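Trainee: In this text, residue positions in the sequence shown follow this note's numbering: the first is 1, and each later residue adds one.
I'd like to ask some things about the structure below.
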Amino acid sequence: MPMNTVGASQTDASSNEFNNMLLSGVQQLNTKVQASEDALQNYILNNNISTHELMIAMEQAKHAMEIAVEVRNKAVEAYQQIVRMQI
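In structure tokens:
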């Protein structure tokens, strides 16, 4: 097998792995946000959810969003460093 084909397949595999990891993170974030929205709606409708449970769900969503924003910031920063590189 030619050398460049082996390198390309390894790059594709690691790219797919990164894409899957990123997609999984976004799905987990969406799940947390949806859970907090559901908890808020149940709280407003007085459907057997305590204030404590509501606050826990909302804090979990908040922390998940903060982590997602930090990951985005690091990715943008890395991209900007690559763009500034002189070849």
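From the three backbone atoms N, C-alpha and C, an ideal C-beta is built for every residue, glycine too.
These numbers were taken from a predicted model, which means no experiment stands behind them.
#1: For residue 1, which residues in the same chain have their Cβ closer than 7 Å to its Cβ, ignoring the five residues on either side in sequence?
#2: Tell me where the alpha helix (DSSP H) around residue 49 begins and ends.
#3: Considering only C-alpha positions, which residue in the set 42, 45, 43 and 34 is nearest to residue 62?
#4: Flag this pair as touching only if the segment 53-73 and the segment 21-34 have three or more C-beta atom pairs under 8 Å; answer yes or no.
#5: Is residue 41 helix, strand or coil by DSSP?
Mentor: To lay it out plainly:
#1: Low local confidence applies: a pLDDT of 48 at residue 1 is under 50, so the model's placement there is unreliable, with the coordinate-based value given in what follows. In its chain, beyond the 5 residues on either side, no residue has a beta carbon closer than 7 Å to the beta carbon of residue 1.
#2: Segment: none, residue 49 is in no alpha helix (DSSP H) and carries neither H nor E.
#3: Of 42, 45, 43 and 34, the residue nearest in Cα terms is 34.
#4: They touch, by the three-pair rule.
#5: Helix, per DSSP.
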